[in-house]
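Residue numbers (my numbering), protein chains in the order written: chain R, 62 to 244; chain S, -11 to 310; chain C, 163 to 929. From the three backbone atoms N, C-alpha and C, an ideal C-beta is built for every residue, glycine too.
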Ligand SMILES: Nc1nc2c(c(=O)[nH]1)N[C@H]1C(S)=C(S)[C@@H](COP(=O)(O)OP(=O)(O)OC[C@H]3O[C@@H](n4cnc5c(=O)[nH]c(N)nc54)[C@H](O)[C@@H]3O)O[C@H]1N2
Ligand SMILES: Nc1nc2c(c(=O)[nH]1)N[C@H]1C(S)=C(S)[C@@H](COP(=O)(O)OP(=O)(O)OC[C@H]3O[C@@H](n4cnc5c(=O)[nH]c(N)nc54)[C@H](O)[C@@H]3O)O[C@H]1N2
Ligand code: SF4
Ligand code: SF4
Ligand code: SF4
Ligand code: SF4
Ligand code: SF4
Ligand SMILES: [Mo]
């Protein structure tokens, strides 16, 4: 279904207010363990009073193209899934945490209930079952989250990246993240 | 002024990564030591195949399978989902040092056990062959091995080297932790592992010739290790900002005191000077420097595992709420 | 670390699930990687509306195996439009809060000691009814009072009205939006309502006076705010703090706290002086322009500069920006406006500025809302109360208050404060008075005077600890409430319905009100069997299909014209029938007919003190959600925002624990970490409201952070309508290390009977 797709997420930092509805929405949709989160809000304030700028954005696993978490996984539990997304098969996961140590974004954690690794799935259980939105995208009151196929030039994500200035996190880490932020 | 906040507060990730606790450095330490014992017993076996009276080569090689089992127990304890440990052996993931490691660990057992067997005193072998006579094929395996001591010695050298390098590469390939991100970590851990292996053997009742051999070797190893440490630091300081920042963990950061006192001063310089003085005065190397080397070897891994997790690409911008 | 309790909880599960995990491992798919599905979709999806705050967004609650797994927005609902704020999303954290009130309770020890015994509903209801009847017989219905907040409160309001009690107050009036509503009513003849009739999504220029949208998470407001940003609207934010909204603004004006009126007057001065106002609109619809023109003439930007700290040039530029986008310029009326005691006048200035920009009834300004026609339930009709509400002092009443003042009822409960007979019994529904009414010491005194206090709540909040009888209500997910028919851009009917049956021995509000009504002799006011029958009756008499409503959650009506251009009628229900720039109503009561800046109104903080400001965290509603484990994962405590330079002077490290101490010597019970930040002026500090719970039974929230209300020991009453200006307190810092350990950890300190003499008595100080 997702052959030849390249799923990506685009965050509009101009409208994101950092409310964390995306965090709570993810937690209930995905039954994330108590005390853990797959996505989070990051803010960066610069300047001196009263000339200040602030960036607010929601972050999560970047579903890297060159994902060190997949490379370092000894069991194949971390793997490339539909549309190039990075997924974890809990049935293969030993909880060795090599992937956690190798992720430059600290996007993974151990689910204490199972001892297996958890992280953002880009809601593949929705996307691959015909629901076009991720849970965080669906809830976002400011509509700052966009999800789609970069291989489709007509998709909203392609259009946004074509028309607006964007950046990714830690490009120097060399992982080719698929999570973009619009300025 | 820059202010950062993050709402994230994931246990064992924030505020600093704590994926690996005490089990992993102990495992790496034991692994390194086993690598050293295998390598050294292999070497010594090659050098003096005829010398059946060597203390170093009589029962000592048996330490390898025992210590590696102990190490693997620590590794298993570290697994959050130990029930899936068998999954290590359903695949081979060529990019994953941990996958390499798990397969190498498998090779350690036959190589070390067979070599230990062939080097064991004849009386010992006979007793055990008699006791285990019901086990089929034991006789023929023994016979097969006895004819191939040099080959087994070589195998031990190779497997030992692989194990030693792997314990360093495991950390070294974690590009996400700038402090570890260095090709030097492989050789460094190998050399340090051999050094701890030698130290371990020195704790044993060896004869003077063996002591002098191991002592001298250890001096070389410690010197090499010091050089590699220097190279590692120079490497990091000339790499990108993340690496330079990471080096701060042991140059002014929270792990500075521990690193310079436990690893460098106590674990390397003191035994080096001690062994040098002993050798210079013609004394036979004693156990104190060896103990210090072991302390230093464990500290090196302990501190590197913790300090490495303290460093990250993103800087430590986590869990600052509100 | 702060996550400890979670980790522990998790740890119990680990052993079990690891075992299970090992056994159920999919051994056979060695290489296959099936997609993992968390399976949280409901077997049943029930539409309803949210009660995590009072905005009432339409929701879809997923129920799986009898448990609510997740709550989504209802795409058909005009307020949520399928999206929710974090609080609404985290509603299950309330439903499954382990600390919920589970059975009716009766106090066994002295008030405030939180010692209760469990009793049956029958005993509890009889006790309440008995006390109401006794007090009514002895003193009259005017000796009873109802405090309420939240949609379920409608049933209690009905009960009290039927009983002839005039004392019904919500803290959402005199502690919140009262001054704004009165000011807009005075100016336009109608208020802005809730949901507000702001057309933000179409604004080309948006002016926010403190409204901290994005932290203030009224869902549709935030959605519209984002739409304005997307449309490239110019945004001007006046706030002493670099709020989230300010970070999105074209211009941030870090106005000196309390001086917004000077800024607003200076803007009018520029807009009128440079003839940039909407001449035609003013000519057609406004009354008193000449007076206004003369009135604002002296209020030049140069005059405003030393008062507000905003450069004259910036005042001019922003005024021109507003004028250039008119009439699609919205000067947002705000919502929580009870700041300095002159709030009606500040809100009047906002209303007048909007009139100058011609934005009322215009696209991008204020749309004209409409309501769906739904007949009321046929009751016998309430008997006229035999007394006036007790909140208004006889000597100097608040003539333009159009609702009852909550703090006024507290005062009327304390003998000696008022001349007339005082109140003897309270019912408190969904309002945590010790944390929402300023001067908690006065509230405590009032409570101690009561002969009887009954609370209807869902959680063991502070107010519960003071009650004689506690009635545990079912949460919004477990009950059906009154139908909702707001005035809005899209008129509609919404229904709240039972998603899962009530847990424990909790009961819905309608049932509680009805049972009490039956017991106190009001059966004719409760002729229906249950709330569904009630709703059906109303819907059917209006010709609406109840099943369709229950299935969809909403029934949409036909929107009326939204703007004057579209044919909405420019009708103003004021004395003059016009937009009153000059208010005869105010003048006739001896108030300034036009907003006037009085230099002596704003006090300077004493040396070493800072003005205490407070606001909202996006994931919390006041103190109602700080015990919600799901929501508190994101913000589990508040922090004291301290300007970087001030922090340097005090030698504060970021994260250092401090207490606050106010001008009356009141020390905060708990401590909070310092947030060292450039995002606030040096003369003010800021904390989020709703933390620092003293109730130990709120096991998660207890002791986390500082309760702002504890520091609000004085307030300045708005002489026009009795609103309580609360931003008039000054605080200094005390390092946690310097506070004797006895003070923290004694959660009932301020309120507890044994500590009466320690708490500063400030009842006199706030007039
Ligand atoms: N110091 C200070 N005071 C303030 C404010 C401030 O910012 N600072 N804000 C002011 C404003 S804007 C307002 S609107 C008011 C709000 O004031 P309140 O409405 O009193 O708000 P809370 O303090 O959250 O109290 C709500 C209570 O309702 C209970 N509750 C929640 N859901 C239900 C339910 O379904 N049924 C029942 N029966 N009870 C329920 C909660 O457990 C809690 O005890 O406070 C005002 N007072
Ligand atoms: N997440 C969340 N959202 C909510 C609520 C909630 O509890 N939680 N409550 C809802 C309710 S009932 C209400 S009434 C609203 C309240 O929300 P708002 O109407 O936005 O009002 P406040 O809470 O008073 O606003 C606080 C802001 O005003 C600024 N401020 C303080 N003093 C001054 C001043 O003198 N001048 C200016 N210009 N700014 C000042 C503060 O720095 C802060 O940014 O929020 C609603 N939305
Ligand atoms: S829900 Fe939307 S606005 Fe809120 S933090 Fe997430 S991305 Fe930002
Ligand atoms: S962000 Fe981390 S976990 Fe996600 S794909 Fe990249 S390396 Fe892997
Ligand atoms: S923890 Fe699991 S997913 Fe991560 S590397 Fe180990 S086996 Fe792979
Ligand atoms: S895409 Fe899905 S899994 Fe990822 S953060 Fe959003 S809701 Fe969570
Ligand atoms: S704004 Fe949020 S909390 Fe309030 S009703 Fe809507 S979803 Fe619920
Ligand atoms: Mo409010």
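In the DSSP assignment, residue 776/C forms a beta bridge with 849/C.
In the three-state reduction of the DSSP assignment, residue 335/C falls in the helix class. Sequence-distant Cβ neighbours of residue 429/C in its own chain, meaning closer than 8 Å and more than five residues away, are 477, 480, 481, 484 and 515. Relative to ligand 1, even the nearest heavy atom lies 7 Å or more away from the CB of residue 350/C. Among the bridge pairs identified by DSSP, residue 109/R is matched with 112/R. At a C-beta separation below 9 Å, residue 421/C has no neighbours in chain S, since its nearest C-beta there lies roughly 26 Å away. At a Cβ-Cβ threshold of 8 Å, residue 404/C and residue 113/R count as neighbours. Just so you know, the alpha carbons of residue 414/C and residue 841/C end up roughly 11 Å apart. With respect to chain C, the C-beta atom of residue 105/R has no partner C-beta closer than 8 Å. From the listed residues 597/C, 559/C and 605/C, the smallest Cα separation to residue 575/C is found for 605/C. What residue 186/R touches in chain C, judged by beta-carbon distance under 8 Å, is 197, 198, 199 and 200, going in chain order. Put simply, the CB of residue 166/R is near chain S, with a gap under 8 Å to one of its CB atoms.
For residue 367/C, the secondary structure class from DSSP, reduced to helix, strand or coil, is strand. With a 10 Å radius around the Cβ and a threshold of 16 neighbouring Cβ atoms, residue 873/C comes out buried.
Going by DSSP, residue 240/R is part of no alpha helix (DSSP H) but of the beta strand (DSSP E) stretching over 240 to 243.
Any heavy atom of ligand 6 counts here; residues with a Cβ closer than 5 Å to one of them, in chain order, are 87/R, 99/R, 100/R, 121/R, 181/R, 182/R, 183/R, 184/R, 195/R, 196/R and 197/R. Under the Cβ distance rule, residue 206/S does not count among the residues neighbouring chain R, no pair being separated by less than 8 Å. With a cutoff of 7 Å, residue 498/C counts as near ligand 8, since its C-beta is closer than that to a heavy atom of the ligand.
Taking 8 Å as the CB threshold, residue 113/R lines the interface with chain C.
By the criterion of at least three beta-carbon pairs nearer than 8 Å, the stretch 181 to 200 of chain S is in contact with the stretch 43 to 50 of chain S. Note on the stretch 723 to 771 of chain C: whole alpha helix (DSSP H) runs with a minimum of 4 residues are 746 to 750, in chain order.
Shown here for residue 279/S: same chain residues with a beta carbon closer than 8 Å to its own, the five before and five after excluded, namely 187 and 191 in chain order. DSSP places residue 186/R within a helical segment (H, G or I) once states are collapsed to three. Placement of the Cβ of residue 236/R at a distance of less than 7 Å from at least one heavy atom of ligand 4 is found. Annotation for residue 102/R indicates a beta carbon within 7 Å of some heavy atom of ligand 3. Judged by DSSP secondary structure, residue 396/C falls outside any alpha helix (DSSP H) and instead within the beta strand (DSSP E) spanning 396 to 400. Counting other Cβ atoms within 10 Å of its Cβ, residue 573/C reaches 16 or more and is therefore classed as buried. Along the length of the stretch 821 to 881 of chain C, whole beta strand (DSSP E) runs at least 3 residues long occupy 834 to 839 and 846 to 850, reported in chain order. Listed in chain order, the positions of the stretch 410 to 434 of chain C with a beta carbon within less than 9 Å of a beta carbon of chain R are 410, 414, 415 and 416. DSSP links residue 493/C through a beta bridge to 369/C. In this structure, the straight-line span from the alpha carbon of residue 15/S to that of residue 140/R is close to 27 Å. Remark: C-beta atoms of residue 229/R and residue 129/R do not approach each other more closely than 8 Å. Residue 283/C: member of the alpha helix (DSSP H) spanning 283 to 301, first to last residue.
The CB of residue 93/R never comes closer than 8 Å to any CB in chain S; the least such distance is about 10 Å. Residue burial is scored here from C-beta neighbours: residue 249/S has fewer than 16 other C-beta atoms within 10 angstroms and is therefore classed as exposed. With its beta carbon less than 8 Å from one in chain S, residue 97/R belongs to the interface.
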